[in-house]
Each structure stands twice: as structure tokens, then as C-alpha cells.
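Line by line, the protein sequences are chains L and D. Just so you know, the first sequence maps onto residues 275 to 646 in this note's numbering. Just so you know, the second sequence maps onto residues 275 to 646 in this note's numbering.
2 protein chains.
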Amino acid sequence: MRGAQGDLLRLVAAGQAESRAELARMSGLAASSVSLRVEELIGTGLLVEEGAGTSRGGRRPRRLRLSPSAGVLAVADLGAHHARLGLLDLSGTPLVVEERPCDIALGPEATMDWIAASFEDLLLRHGPPGVPLRGVGTGIPGPVDPATGRVVAPSRMPGWNNFPVAERLGSHFDLPVLVENDANLMAAGEARSWPGRETLMVLKAGSGIGCGVIVNGALHRGRGAAGDISHVRVRSDSSVTCSCGHLDCLEAYASGAALMAVLGEQGIAVERPGDIVALVEDGVPEATALVRNAGRLIGEVLTVLVNFLNPDAIVVGGGLSSAEPLISAIRAAVYERCLPLATRDLEIAASRSGPDAALLGAGALLLDAVLA
Amino acid sequence: MRGAQGDLLRLVAAGQAESRAELARMSGLAASSVSLRVEELIGTGLLVEEGAGTSRGGRRPRRLRLSPSAGVLAVADLGAHHARLGLLDLSGTPLVVEERPCDIALGPEATMDWIAASFEDLLLRHGPPGVPLRGVGTGIPGPVDPATGRVVAPSRMPGWNNFPVAERLGSHFDLPVLVENDANLMAAGEARSWPGRETLMVLKAGSGIGCGVIVNGALHRGRGAAGDISHVRVRSDSSVTCSCGHLDCLEAYASGAALMAVLGEQGIAVERPGDIVALVEDGVPEATALVRNAGRLIGEVLTVLVNFLNPDAIVVGGGLSSAEPLISAIRAAVYERCLPLATRDLEIAASRSGPDAALLGAGALLLDAVLA
DNA sequence: CCATCTTCCTTCGAAATCGAAGATATGGCG
DNA sequence: CGCCATATCTTCGATTTCGAAGGAAGATGG
């Protein structure tokens with residue numbers, strides 16, 4: 275699984291290569307070396323040959339796939355009140371995905387132990403017999419220090435500050451463990467749906483506002499908080515104090531939580547960001563206006579970042595992302611104020627990976643650890 | 275010069291390795307392979323052995339250096355009214371640097387031909403005899419499309435839009451040619467002075483405001499305009515229309531040109547950004563207040579970007595950077611409003627590479643092309 | 001249907017790379 | 001001073017990787 279062998283498996287798992295010829299092109303190794311190694315990998319049962327692909331004008335390639343029995347990954351995406359949990363094969367294809375209620379206010383120990391137990395449960399009920407678990411990972415709705423796997427100064431996770439999440443989760447499994455910010459995972463998941471786009475900004479618009487950054491195809495972590503845009507000061511007539519102690523943070527105006535609060539004051543009861551989307555689709559004008567305004571504010575913040583980073587695409591995901599006015603308003607703001615060179619081929623679009631993006635991202639990142 | 279050989283030369287040139295042992299560690303090759311290749315490189319005259327280094331507790335390493343006769347690079351940093359020109363050896367050490375007046379308003383053809391002639395002149399007068407020219411490069415005070423080497427929509431270079439600068443400069447030399455935005459070159463130059471700091475924002479505060487971005491040790495170009503912060507809208511009571519057509523751009527308030535205009539209105543004549551620094555050092559209160567305010571505005575823009583990118587350091591260069599109040603004000607703004615995780619180990623400091631940063635950056639980037 | 005081109009994959013000798021062992025050189029310490 | 005620990009560099013046989021040539025399988029086009 276080490277070195278060159280790992281590289282080849284990674285290419286196949288990531289869907290970047292499907293045949294020996296493609297592996298040779300992508301890995302830079304000689305075709306003959308690839309053949310040798312592939313033969314070994316088939317021998318050890320990690321790869322399987324699976325029929326022929328489509329010809330590109332010559333002999334048809336013999337398609338390669340990761341063996342379904344090579345292993346599974348258990349991944350989770352932890353939210354404030356729910357968690358999505360899933361099993362993936364090593365190529366990142368979900369075998370099963372479930373959503374279960376949970377409450378991060380119970381604290382990090384209880385929550386991590388609950389995730390571990392849920393993984394065991396999923397494996398028992400849906401894990402293919404005899405296929406080993408190869409890695410576990412979870413997303414966290416707060417900043418994670420990549421060096422230590424600890425949660426650092428989360429704004430809405432009381433009791434979690436500085437808790438060694440990765441260590442606790444890892445204590446249940448003697449395996450590679452991944453703990454990462456949820457927006458970062460979403461970004462890693464989307465990245466695979468945008469081939470050819472090397473630099474992405476992936477916005478997570480849900481109860482909060484998060485953003486994951488892909489630079490040159492790789493997740494940019496910074497010090498663990500990279501992509502944070504929720505505490506940017508927005509231009510506003512009124513004046514709101516954010517939970518972080520500063521004035522007029524984007525999150526205080528444009529997050530799902532902020533919108534729900536405003537709707538609540540107007541006597542329109544909403545429980546979760548998805549309810550806002552439903553209101554917008556039903557044509558409730560108050561909701562539409564709110565969402566459009568949120569999009570404008572987010573878009574104005576993004577203009578700065580688009581000029582600075584010059585991404586190839588801005589991908590909008592999260593519970594609010596299916597509200598069409600949100601994306602339109604973001605588009606309008608960005609295209610209006612950014613430099614022509616920065617917007618020339620910039621695509622601004624809704625998520626392609628859907629609600630499982632974070633789980634897919636966890637799989638993609640875990641794969642690197644597993645095949646290291 | 276190809277492949278592994280090039281990698282070893284690059285490591286030596288970049289100062290990342292000084293002995294065979296270090297080369298082995300940095301390159302990942304086996305010590306024996308390194309020895310073989312180094313012997314070859316010494317044989318072809320590209321490397322020379324130069325005395326012994328300091329022991330780290332065992333046998334002393336035999337220090338390796340690029341041969342002074344391996345080649346020279348001719349580099350320039352083009353400004354609005356002046357150009358810095360220099361010759362570097364392949365390890366990026368300047369052999370000679372000169373500043374000459376020039377005028378980009380004469381148009382791209384004349385300017386590029388003038389640069390080429392100046393390179394020839396420098397070589398005649400300062401080039402070591404028999405040492406071949408291995409590459410040429412220049413910085414441009416405007417956006418450069420990395421794919422085509424053309425200037426794209428420059429705000430203050432009339433007549434240059436879409437001109438194939440790299441092609442024109444290259445027509446004089448049958449060699450690798452580099453054309454890059456000036457702030458990007460400065461960033462590439464600073465990067466070598468900040469070992470261990472992988473992600474940098476390098477601010478160029480001169481007549482204009484530019485910024486170069488280093489992510490994971492490599493220059494981030496985006497679509498050619500990455501790092502552009504001059505047209506971010508700032509919070510302001512008054513209301514100024516920028517040359518780009520939008521309201522209240524940072525550049526209209528905090529660039530050297532803007533400061534000079536304000537000072538002019540106050541009857542204080544200044545010719546170039548350096549004069550402002552002199553006024554500040556002389557304790558002229560109007561100048562100090564202006565510079566401090568510019569720093570605050572720049573700092574407020576940087577807060578957004580620091581939260582987003584989580585750089586390891588912010589480096590301030592350019593003609594205004596030696597004005598101490600500028601950096602203090604930037605520091606104050608950033609440390610006040612950024613997330614703790616983002617500022618925990620963030621360093622905000624003046625340039626370490628000095629006025630030749632852009633030339634050094636051109637050398638570093640050219641080296642990659644030369645040793646490709 | 002057959003010649004020809006393209007692409008995929010394997011074979012096999014040549015070349016590069018590795019890695020273990022040893023030679024060389026130095027600092028530290030009793 | 002002599003011995004040991006450490007680090008650098010080289011030697012040499014074993015292993016891996018390369019690359020040119022060729023075989024296999026299919027597309028294309030008369």
C-alpha cells in the first residue's frame with residue numbers, strides 16, 4: 275500500500291484513471307512498470323479487472339476498479355442537532371447513508387463515543403462481511419486545528435474548546451482517523467465533482483455560514499480556520515453585535531439562524547434552514563426578500579475574496595443553497611464588482627455533490643491517509 | 275539539466291541543500307544516487323565543491339555551490355517611471371543591480387525593446403566573460419495572464435492591454451522568458467526569506483497597492499489577477515470614484531498616489547512615495563496621520579483575507595513600507611478583528627528582501643523554467 | 001474484406017536507483 | 001589520548017524502473 279503502489283490505487287480510487295494506460299499517463303511511470311504493479315495489486319486482491327472500457331480509436335482498455343472487498347470507510351458529518359453517517363467503499367462510493375438526531379451540547383466525549391458506536395452499528399447492519407474497516411472520519415461544525423486534531427475556539431459548541439476530538443475518536447479504532455471542519459469536508463467532496471477546476475470556493479450556507487477553499491486541487495487548511503467568512507464586517511445601516519463580540523458580522527445578517535430569527539419576529543415560524551427554502555418556493559415574499567438580501571451580503575463579501583483568490587468556481591452548498599434567489603443574488607454582486615479577469619470564466623453554481631458532499635469529502639481525505 | 279539532475283540543482287540553487295547528505299534528505303533519493311549525480315554535475319561544470327561546512331556532530335559536509343560560470347539571469351522590475359534591472363547568478367545572487375528611468379507610456383513595443391537592450395548592455399558591462407545568459411524576465415505593474423504572457427486590463431498602462439509582452443521580450447532571446455505581475459514577483463522573492471512560513475501575503479505599498487500570494491510555498495497566480503486588493507470597497511464617510519469606475523476603492527484612499535494627491539492639496543509637494551516616508555520620519559503630522567489612516571484601511575481589508583486564508587505571515591514591502599505607522603496601523607486592525615486561531619502565530623512585518631525583492635523573485639521563478 | 005492506423009498492453013534487455021555495509025572524518029567524553 | 005557516537009560520503013550487488021519493440025484488439029476507410 276506504500277509508495278508507488280499507493281499512488282496507483284489512489285488514482286483508481288479517485289476516478290482519475292480506469293486503465294493501465296491511463297495510470298501510466300497520470301502517474302508518470304512507464305507503462306511497463308504500471309503493468310507490473312497492477313498485476314501485483316490484482317494478486318493481493320486490492321484491484322479487480324472489470325470488463326472492457328470504450329475504445330478511443332484503438333484497442334479497448336481493460337477497466338480497473340478497486341475491489342469491493344478492499345475495505346470500507348466509516349464517515350460522519352456532525353451538525354448541531356443531526357449527524358449524517360455513512361459507509362463508503364475505498365473509491366468513495368456510499369454503501370449506506372443515514373441521518374440520525376444527536377446533540378453536540380452533550381459534550382465532546384459523549385458525542386464522539388456515540389459516533390463510534392453508530393459506526394459499529396452501521397458496520398454490523400450494512401458492512402459487507404469480511405471486508406475490513408480501513409479508516410474513520412468526521413466533520414465538525416467548528417474550527418479544527420489540523421496539527422493536533424483539536425477543536426479550537428468554536429463559536430457554537432460549548433464545552434468543546436480545545437478538546438482532542440481526533441484522539442477520542444481514534445481511541446475506539448486502531449486506524450487512520452480524520453477530523454475536519456464541516457465546510458472543509460464539503461469542499462473536498464465538491465472538488466471531485468469539478469474536474470478541471472483547480473481552485474474552488476465552496477460556500478456552506480446553512481444555520482451558519484462556512485466556506486472551504488480548494489487551491490490547486492488540494493484543501494487549503496491554513497491554521498484550521500481557513501475559509502472563515504462568517505465574521506466579516508458587512509455594510510449595514512443598523513448595527514448588530516455578533517456572538518463573537520464584534521459589530522455587524524456577516525453571520526449575524528445572512529446565516530440561516532439569523533434569517534430564522536427575523537422570520538420568527540415576523541410571526542413566521544421556522545425550525546430549520548430547509549423551511550426557509552420551502553417558504554421561498556411557496557412564494558412567501560418576506561422569505562424571498564430576506565434570502566435575496568442575504569445573498570447580496572454574502573456576494574459582497576465574496577467580491578473581495580474572488581479578486582484576491584481568482585477561483586475557477588464558487589460552489590454553493592448547505593441547507594439554504596437550493597433557494598434560487600440566494601445564488602442569483604450572489605452572482606449579481608460578484609459579477610458586478612469583481613475585476614473582469616477574475617470573473618471571465620468564473621462559474622457560480624449550486625452544489626453538484628448534494629447533501630452527501632461532506633461525507634464524500636471525508637472519504638476522499640481519508641483515502642489519502644489510508645493509502646499513505 | 276532534466277529531471278532528477280534539475281531537482282538537485284534547484285535544491286542547491288534555492289539554498290535548500292548545501293551538501294550531498296542534505297540533497298539526499300530533501301530530494302528523497304538514496305544517498306548513493308545523489309553522490310553519483312553530483313559527481314556528474316561537477317563533471318559538467320554546473321556544481322562546484324567549496325570547502326567544508328560545519329559539523330553537526332560527525333564528519334563535516336563538503337559544501338556544494340552552483341558554479342559561478344553555470345549561467346546568469348537578466349531580470350527587470352518595471353515601474354511607471356523607473357525600472358530596476360539586474361543580473362543574477364543561477365542561485366539568485368545579484369551580480370549587479372541598476373535603476374534607470376523609463377516610461378511605460380511609450381508603449382509596450384518600445385518598452386520591451388528597451389529592456390532587451392538594457393539587458394544586453396548590462397551583460398556587456400557586468401556579465402562575467404564566457405558565462406552564458408540562461409533566462410530573462412521582467413515584472414509588470416499590471417495583471418499578466420499566466421497562460422499567454424499577455425497584459426490584461428491594466429488600470430494604469432494605457433496602450434498595453436492584451437499586448438503579448440512575453441512574446442515580444444522573448445523575440446530578442448532564444449531562452450526561457452518570464453513575465454509576471456510585479457507584486458507576484460515581490461512575493462516570490464520574499465518567500466525565500468521566510469523559511470518555515472508556507473503561506474504568505476506580500477503587500478506592495480507603493481504608488482499603487484498590490485499583493486502577491488504564496489500558498490504552500492508556491493506563488494498563487496489564479497487567473498493572473500490573484501492578490502488584487504486595490505478595488506475592495508472600504509468603509510468611508512466621503513465618496514470617491516476610482517479609476518475602475520466603482521465607488522470607494524481601497525486604492526483611491528490608501529495608495530501612495532492617493533496620499534500624494536491629498537498632500538498636494540494641502541500644499542505639501544511630493545514626487546514619489548518615498549517622499550512621504552521622509553515626511554513621516556521628519557514628523558510632519560499631516561503625513562503621519564494620512565499614512566496611519568491608510569494603514570488602518572488596508573488593515574481592515576486584510577482582516578477579511580487573513581480570516582479566509584490564514585497566512586503564516588503578512589509581509590509589507592514597496593516604497594511606503596518603511597513608514598513605521600503604516601505597519602503599526604495594519605497590525606492593529608488585523609489583530610483586533612481577526613479570529614484568534616488566524617492571528618495566533620501570525621507575523622506582520624516589513625520586507626526582509628528589501629528593494630530587490632522583485633528581482634530576486636524573478637530569479638527564483640526563472641530558475642524553475644531554466645532547470646525544467 | 002483487407003490494409004492501415006490508433007490505442008492498449010506485455011516482453012525483455014539496458015539503465016537508473018536503492019540499500020546495506022563500509023570507509024572517512026569529526027566532536028565529545030572519560 | 002583513545003574510544004565511541006554521529007554524520008558524511010562511497011562502494012557494490014540486488015532491485016526497480018525504463019523504454020524500445022512487438023503483439024493484441026479494435027476503429028477507419030477504401
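C-beta atoms are modelled at their ideal positions from N, C-alpha and C, and glycine is treated no differently.
Straight-line Cα distance separating residue j from residue i
i, j, result
"D:E394", "D:V410", "11 Å"
"D:A603", "L:W468", "40 Å"
"L:V489", "L:E472", "6 Å"
"L:R507", "L:L571", "10 Å"
"L:A287", "L:R466", "11 Å"
"L:C523", "D:V536", "32 Å"
"D:V405", "D:L361", "12 Å"
"L:A384", "L:H356", "14 Å"
"D:A646", "D:S309", "21 Å"
"D:V418", "D:V453", "7 Å"
"D:Q279", "L:V322", "37 Å"
"L:I542", "L:L553", "10 Å"
"D:G496", "D:N455", "12 Å"
"D:L407", "D:G302", "31 Å"
"L:P402", "L:V371", "14 Å"
"D:G628", "D:V551", "15 Å"
"D:G416", "D:S625", "21 Å"
"L:N436", "D:S510", "38 Å"
Residues of its chain near residue i, where Cβ-Cβ distance is below 8 Å and the 5 sequence neighbours each way are ignored
i, result
"L:M300", "L285, Q290, A291"
"L:D363", "L340, P342, A344, G345, V346, L347, L369"
"D:P432", "A379"
"L:H520", "H505, R507"
Closest residue to residue i among the options (Cα-Cα distance)
i, options, result
"L:P648", "L:E296, L:L443, L:G366", "Here chain L comprises residues numbered 275 to 646, so residue 648 of chain L is not present and cannot be evaluated."
"D:P599", "D:P403, D:S307, D:A623, D:P368", "D:A623"
"L:A492", "L:V536, L:A357, L:G591, L:V476", "L:V476"
"D:L474", "D:A631, D:V608, D:D586", "D:D586"
"L:A631", "L:T328, L:T318, L:V322, L:D351", "L:D351"
"D:V312", "D:S329, D:S293, D:G325", "D:S293"
"L:V349", "L:A535, L:L396, L:D377", "L:L396"
"L:L564", "L:G327, L:G416, L:A526, L:L615", "L:A526"
"D:A462", "D:A646, D:L633, D:T562", "D:L633"
"L:E324", "L:D556, L:L338, L:A390", "L:L338"
"D:L639", "D:E464, D:L620, D:A499, D:I503", "D:E464"
"D:V580", "D:L620, D:A597, D:L594", "D:L620"
"D:G444", "D:V426, D:T412, D:W434", "D:T412"
"D:T354", "D:T367, D:E545, D:D281", "Checking the sequence, you will find Ala at residue 354 of chain D rather than Thr. It is D:E545 whose Cα lies nearest to the Cα of D:A354."
Beta-carbon proximity list for residue i, same chain, < 7 Å, skipping 5 on both sides
i, result
"D:C518", "S429, H505"
"L:E441", "G423"
"L:M460", "V476, K478, G486, G591, A631, A632, G635"
"L:T577", "A607, V608, R611, C612"
"D:L449", "L407, R408, G409, V410"
Neighbourhood of residue i by C-beta, 6 Å cutoff - its chain only, sequence neighbours within 5 removed
i, result
"D:A531", "S481"
"L:G592", "K478, A479, G480"
"L:H494", "V487, A500"
"D:G569", "L600, A603, I604"
"D:E373", "H356, R358"
"L:G548", "G593"
Beta carbons nearer than 7 Å to chain L: which residues of the stretch 576-594 of chain D have them? V578, L579, N581, F582, L583, N584
Where in the stretch 374-422 of chain L do unbroken runs of the alpha helix (DSSP H), each at least 4 residues long, occur, reported from the N-terminal end onward? Counting only runs of 4 or more, we get 382-400.
What residues in the stretch 626-642 of chain L bring their beta carbon closer than 8 Å to a beta carbon of chain D? none
In chain order, what residues of the stretch 505-519 of chain L put their CB closer than 9 Å to some CB of chain D? H505, V506, R507, R509, C518
Whole beta strand (DSSP E) runs in the stretch 476-558 of chain L with 3 or more residues, listed along the chain? 483-489
Complete runs of the alpha helix (DSSP H) confined to the stretch 589-629 of chain L [at least 4 residues]: 598-611, 614-617
Where in the stretch 303-359 of chain L do unbroken runs of the beta strand (DSSP E), each at least 3 residues long, occur, reported from the N-terminal end onward? 321-326, 336-340, 346-352
When you check each C-beta in the stretch 408-432 of chain D against every C-beta of chain L, which residues fall closer than 8 Å? P417, D419, V426, A427
By the 7 Å beta-carbon criterion, what residues does the stretch 488-505 of chain D contribute toward chain L? Per Cβ criterion, the list reads V489, H494, G496, R497, G498, A499, A500, G501, D502, I503, H505.
Which residues, in chain order, does the stretch 600-619 of chain L contribute to contact with chain D at a C-beta distance below 7 Å? R611, L613, P614, L615, A616, R618
Of all the alpha helix (DSSP H) runs that stay within the bounds of the stretch 436-481 of chain L, which reach a length of 4 or more residues? 439-444, 456-465
Interfacial residues, the stretch 468-487 of chain L to chain D, with Cβ spacing under 8 Å: Answer in chain order: T473, C485, V487.
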